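Trainee: Following our numbering, the numbering of the sequence shown begins with 548 at its first residue and continues without gaps. Cβ coordinates follow ideal geometry from the N, Cα and C atoms, glycine included. Given the structure is predicted, the values throughout are model-derived calculations rather than measurements. Have a look at this one before I ask anything.
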Amino acid sequence: MKNLIANLILIVFMLSGCDFTSGLHKDILKAQEYITNQQFSQAVEIYEEILKTKPSKTIQIKINYQLGEIYSLYLNDSGKALKHLQKIIDSSNEPLWQKNAMEKMGGIYFEKFKNYSKARNAYKSLMDFLPKLEKQEFYTFRYALCEFHLKNYSISDKIFKNLSRNSKSEIGIESFYYLGLAKFYVKDWDAAVNYWFEFLKREKRKDKIVQAKFLIANAYESAEKLKEAYNIYYSIIGEYPNPEVIENRLNSLYERRVARKR
């Protein structure tokens, strides 16, 4: 929280370097005081009033970004945040602010609204940005996730495969997970299991490992490989967050295996 507030105050100081009247200067400082005291509703009231006076374009851009930050992070009003960020996209020719606003909008569409179509457009714009942006790999991964959630698996698979081969970061590891999940959704159980085992070779986080093992067992069960499914489920007893689910799966598999032998 402190770091986020510090970033907001930094933007206020950037505003302080702009050319404006003493009245506007006082309003900016008052908004800064409200932000420091975490009185965000009062801060946005001042900023909204400043925008009504139609200050210089530079000030409008910075205030709109500030409002986008406050509405999305502290006031839980992502709709208003998007409105102010879109104003930057529409009115600014400055690459830095275009990038910052588009990145913020992509995050809101993806995380808050689950609007993967609009999030995809935002991340595609960031991927196409020239000169190439530093977070290119992250934007590409988010773009692939959007295609995945939109069930465009052939597109997402191509991107995830490339990331799994070339990325040395956590993104490359996560790509194996989503490659497996895409195959699982189209009922290609063997391919799903193969990707998830590749994921397990690289993943270190215990919760992610347990979840992947659960999915592997589920895929085995769907493929009628009951012994393999039973063994994987059994291996995560005491680790899976809902033990009752594992117990029910084990009991069901045991009964099915017994019925097969009759």
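1. Take every Cβ of the segment 749-769, pair it with every Cβ of the segment 714-728, and state whether three or more of those distances are shorter than 8 Å.
2. Is the CB-CB distance between residue 783 and residue 760 below 8 Å?
3. Hey, out of 685, 765 and 626, whose CA is closest to residue 714's CA?
4. When we look at the beta-carbon of residue 631 and count the other beta-carbons within 10 Å, is it buried (16 or more) or exposed?
5. Check each candidate in 664, 729 and 648 and name the one with the smallest Cα separation from residue 766.
6. Would you report the Cα separation of residue 620 and residue 587, rounded to the nearest angstrom?
7. If distances are taken between C-alpha atoms only, which option among 774, 743, 771 and 772 comes closest to residue 762?
8. Return the CA-CA distance between residue 795 and residue 727, expressed in angstroms with no decimal places.
9. Determine the contact status of residue 617 and residue 590, defining contact as a CB-CB distance below 8 Å.
10. Sorted by chain position, which residues of the same chain lie with C-beta nearer than 7 Å to residue 644's C-beta, five sequence neighbours on each side aside?
Mentor: Quick answer:
1. yes
2. yes
3. 685
4. buried
5. 729
6. 10 Å
7. 743
8. 24 Å
9. yes
10. 608, 612 and 635
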